[in-house]
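Colleague: Per the numbering used here, the very first residue in the sequence shown carries number 35; after that it's consecutive.
The beta-carbon is built from N, C-alpha and C at its ideal position, and this holds for glycine as well.
All values reported here derive from a predicted model rather than from experimental measurement.
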Amino acid sequence: MKKILISIVLVFISLSLVGCFRLQKKQGKYVFNENYVAVQKDNKWGYYDISGKKVIDFIYDDAYPFVDGVAVVRETDKYYLINTKGNKIIDDGYDFLEMDPEAKAVWYKENDLYGLLNTKGKKITNPIYEKYNRFYIDLAIVKVDGKYGFINRNGRFIIKPFYDEVQNFSFGLALVKKNGYIGVINKQEDTVIDFKYNDGVPLNSSGVLYLIKNNKYYVFNKSGKIILSNLEYCDVSNYYILAKVNKNFYLYDFNGVKIEGFVIEDEQNSSVNKRASLYKNYIIYEKYNDNNQDKIDLDVEVLDRQMKLQMDFSTTFSDDNFEYKLLTHNHMMFFVIFQNQGFTLKGLGLIDGDYHDHIFHDYYNGLFVVSKKGSGTGVFDVYGNIIFPYEHDQISIYQDTIVVCDNNKYSFYNYNGEKLFDDQFDNYRFVNFG
Numbered sequence: 035m036k037k038i039l040i041s042i043v044l045v046f047i048s049l050s051l052v053g054c055f056r057l058q059k060k061q062g063k064y065v066f067n068e069n070y071v072a073v074q075k076d077n078k079w080g081y082y083d084i085s086g087k088k089v090i091d092f093i094y095d096d097a098y099p100f101v102d103g104v105a106v107v108r109e110t111d112k113y114y115l116i117n118t119k120g121n122k123i124i125d126d127g128y129d130f131l132e133m134d135p136e137a138k139a140v141w142y143k144e145n146d147l148y149g150l151l152n153t154k155g156k157k158i159t160n161p162i163y164e165k166y167n168r169f170y171i172d173l174a175i176v177k178v179d180g181k182y183g184f185i186n187r188n189g190r191f192i193i194k195p196f197y198d199e200v201q202n203f204s205f206g207l208a209l210v211k212k213n214g215y216i217g218v219i220n221k222q223e224d225t226v227i228d229f230k231y232n233d234g235v236p237l238n239s240s241g242v243l244y245l246i247k248n249n250k251y252y253v254f255n256k257s258g259k260i261i262l263s264n265l266e267y268c269d270v271s272n273y274y275i276l277a278k279v280n281k282n283f284y285l286y287d288f289n290g291v292k293i294e295g296f297v298i299e300d301e302q303n304s305s306v307n308k309r310a311s312l313y314k315n316y317i318i319y320e321k322y323n324d325n326n327q328d329k330i331d332l333d334v335e336v337l338d339r340q341m342k343l344q345m346d347f348s349t350t351f352s353d354d355n356f357e358y359k360l361l362t363h364n365h366m367m368f369f370v371i372f373q374n375q376g377f378t379l380k381g382l383g384l385i386d387g388d389y390h391d392h393i394f395h396d397y398y399n400g401l402f403v404v405s406k407k408g409s410g411t412g413v414f415d416v417y418g419n420i421i422f423p424y425e426h427d428q429i430s431i432y433q434d435t436i437v438v439c440d441n442n443k444y445s446f447y448n449y450n451g452e453k454l455f456d457d458q459f460d461n462y463r464f465v466n467f468g
């Protein structure tokens with residue numbers, strides 16, 4: 035069977051064990067964090083502010099964004115902390131430093147082990163960790179003697195390193211692995227769900243999680259009580275539970291009560307394969323036929339809880355890695371469908387259609403970054419307004435800035451396409467919250 039690669043953006047978040055997904059007060063990618071940007075010219079790094087003023091000279095071999103008034107820089111093979119005036123906070127350099135934006139702390143390395151500094155350069159912990167994950171809200175995953183645990187911002191173990199694998203805490207619960215099986219613990223290290231599962235997805239904001247055992251799905255509430263069990267498949271959003279039972283798909287509320295009026299029934303002896311998943315308060319329903327080894331017929335529908343059709347598309351494809359994305363902007367919902375030499379937009383009205391000989395690079399904050407073969411890269415918004423024409427080498431969109439690269443030189447623009455200042459740079463850094 036050919037592979038259908040489906041990417042539904044802003045909905046499904048894949049969390050591998052020892053994962054790094056973080057929910058934070060400040061989210062997104064920023065270039066001018068705290069109004070400064072680290073930039074490179076002639077193989078040296080310095081800092082500019084958002085007005086275009088050079089605030090720290092180009093004297094460093096590497097430099098990183100400011101967080102809490104402090105930045106990591108490198109001179110030769112040693113790393114230091116500096117303040118916004120360029121003064122060193124620590125005199126002795128480290129072999130490795132990494133800023134942790136969520137915790138406003140700095141990870142350091144000594145003798146092949148990691149520890150934690152505060153932004154004044156004082157040690158919070160000794161170097162005792164073999165590995166670490168940056169902080170997720172208030173806790174960080176660390177590895178000691180081959181086992182994983184959690185520390186708080188003061189470096190105190192909240193969960194001692196005891197587990198083979200762990201996921202970050204989500205709404206007070208964490209999926210952890212011990213002796214080959216996954217269970218769920220709270221921050222007091224009480225076992226909320228026994229260690230007998232093979233895989234799972236953490237608690238969401240509605241207080242629901244699911245675990246998998248022997249290819250069967252089990253849905254729990256935050257107290258560890260089973261809501262639904264022995265399912266063939268399930269998906270969970272902040273609105274519903276979607277469950278497959280006896281080859282049929284049903285919707286349930288978070289008490290395990292079936293929502294009347296919604297069912298996707300199995301068609302006996304049908305050659306059509308079916309899949310369903312949740313997108314916010316909608317259901318994405320796919321039907322595909324792969325009997326023809328050269329081509330696959332695919333129908334995709336977006337339904338509400340009353341089975342009312344909201345959006346759909348159909349296509350036939352032969353590529354092994356056919357892909358589509360379901361995206362949103364404010365109250366709009368639309369498809370980006372990738373196939374052959376280009377892509378198709380559906381659901382945006384005036385700009386819907388086939389973009390042959392175009393390459394889709396990114397979608398962020400209502401803006402598309404697209405290249406046109408034979409021309410260059412440009413940006414347009416969901417209403418079809420051209421922010422940048424197809425004449426640039428590369429464009430990247432951030433929460434606060436758009437960065438344009440031409441002839442290996444980077445310039446900074448606002449969302450209206452206006453240049454922030456004239457200076458150009460060989461490279462730059464950004465910080466990612468979340």
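By Cβ distance below 7 angstroms, which residues in the same chain neighbour N466 in space, the five residues on each side in sequence not counted?
Modeller: K63
Colleague: Within 10 angstroms of its Cβ, does L265 collect 16 or more other Cβ (buried), or is it exposed?
Modeller: Here L265 is buried. Its C-beta has 16 or more other C-beta atoms within 10 Å.
Colleague: So Y114 packs on F130, CB below 8 angstroms; how close in whole Å?
Modeller: Y114 to F130, Cβ: 12 angstroms. No contact.
Colleague: Thinking C-beta only, is K212 closer than 8 angstroms to Y197?
Modeller: yes
Colleague: Does I260 come out as helix, strand or coil in the three-state DSSP assignment?
Modeller: strand
Colleague: Any contact of the stretch 382 to 390 with the stretch 316 to 335, i.e. 3+ C-beta pairs under 8 angstroms?
Modeller: By the C-beta criterion, the stretch 382 to 390 is judged not to be in contact with the stretch 316 to 335, since fewer than 3 inter-stretch pairs fall below 8 angstroms.
Colleague: Taking Cβ to Cβ, would you say S263 is nearer than 8 angstroms to Y252?
Modeller: Against a cut-off of 8 angstroms, the Cβ pair of Y252 and S263 comes out as a contact.
Colleague: Under 8 angstroms, Cβ to Cβ, is there at least one residue of chain D near H395?
Modeller: In summary, chain D is missing from the structure at hand, where a single protein chain is found.
Colleague: DSSP three-state call for I385: helix, strand or coil?
Modeller: helix
Colleague: Of all the options N442, F464, I420, R463, which has the alpha carbon lying nearest to the alpha carbon of E452?
Modeller: I420
Colleague: Could you give the residue range of the beta strand (DSSP E) that holds E223?
Modeller: No beta strand (DSSP E) holds E223; DSSP gives it neither H nor E.
Colleague: How about V101 and N67: are their beta carbons less than 8 angstroms apart?
Modeller: Yes, they are a contact pair.
Colleague: On a CA-only basis, which of H395, M345, R187, I84 is nearest E136? Give me that one, please.
Modeller: R187
Colleague: Note down, in chain order, each residue of its chain lying with its Cβ closer than 7 angstroms to the Cβ of T110, except the 5 sequence neighbours on either side.
Modeller: D95
Colleague: Please work out which residues of its chain come closer than 6 angstroms, Cβ to Cβ, to R168, disregarding the five sequence neighbours upstream and downstream, and give them in chain order.
Modeller: D134
Colleague: Considering R108, what are the terminal residues of the beta strand (DSSP E) in which it resides?
Modeller: 104 to 109 is the extent of the beta strand (DSSP E) around R108.
Colleague: Name the one or two DSSP bridge partners that H392 has.
Modeller: According to DSSP, which records beta bridges pairwise, H392 is partnered with K406.
Colleague: Per DSSP, which one or two residues make a beta bridge with H426?
Modeller: T411
Colleague: Report buried or exposed for Q375, applying the criterion of at least 16 other Cβ atoms within 10 angstroms of its Cβ.
Modeller: Flag for Q375 reads exposed.
Colleague: What's the C-alpha gap between S257 and L379?
Modeller: 43 angstroms
Colleague: Between which two residues does the beta strand (DSSP E) holding F356 run?
Modeller: 356 to 363
Colleague: With a Cβ-Cβ cutoff of 8 angstroms, do S271 and L237 count as a contact?
Modeller: Taking the C-beta atoms as reference points, L237 is found no nearer than 8 angstroms to S271.
Colleague: Along the beta strand (DSSP E) that carries Y148, what are the first and last residues, could you check?
Modeller: 147 to 152
Colleague: Should F459 go down as buried or exposed, given a rule of 16 or more other Cβ atoms within 10 Å for buried?
Modeller: buried
Colleague: Reducing DSSP to helix, strand and coil, say where N67 ends up.
Modeller: helix
Colleague: Just the C-alpha distance for V403 and F394, rounded to the nearest angstrom, thanks.
Modeller: 6 angstroms
Colleague: Taking 7 angstroms as the limit between beta carbons, can you name the residues of its chain near I158, skipping five residues before and five after?
Modeller: A139, L150, L151, N152, N188, G189
Colleague: Look up S311 in the DSSP assignment and say whether it is helix, strand or coil.
Modeller: strand
Colleague: Could you tell me which of F92, K87, F455 sits nearest to W79, measuring between CA atoms?
Modeller: Put simply, of F92, K87, F455 the residue whose alpha carbon is nearest the alpha carbon of W79 is F92.
Colleague: From I171, Y142, K156, pick the residue whose C-alpha is nearest to that of K165; which is it?
Modeller: Y142
Colleague: Identify which residue in K321, I317, S311 has its Cα closest to the Cα of S304.
Modeller: With distances taken between Cα atoms, S304 lies closest to K321.
Colleague: I'd like to check one pair, S311 with D269: are the Cβ atoms closer than 8 angstroms?
Modeller: yes
Colleague: Looking only at its chain, what residues have a beta carbon closer than 6 angstroms to the beta carbon of I185, apart from the 5 residues adjacent to it on each side?
Modeller: A174, V176, F191
Colleague: What residue range does the beta strand (DSSP E) around K443 cover?
Modeller: 443 to 447
Colleague: Can you find the residues in the same chain that come closer than 6 angstroms, C-beta to C-beta, to N461, ignoring five residues on each side of it along the sequence?
Modeller: Q74
Colleague: Less than 8 angstroms between the CB atoms is what I'm expecting for I193 and E223, so what's the real figure, rounded?
Modeller: 6 angstroms
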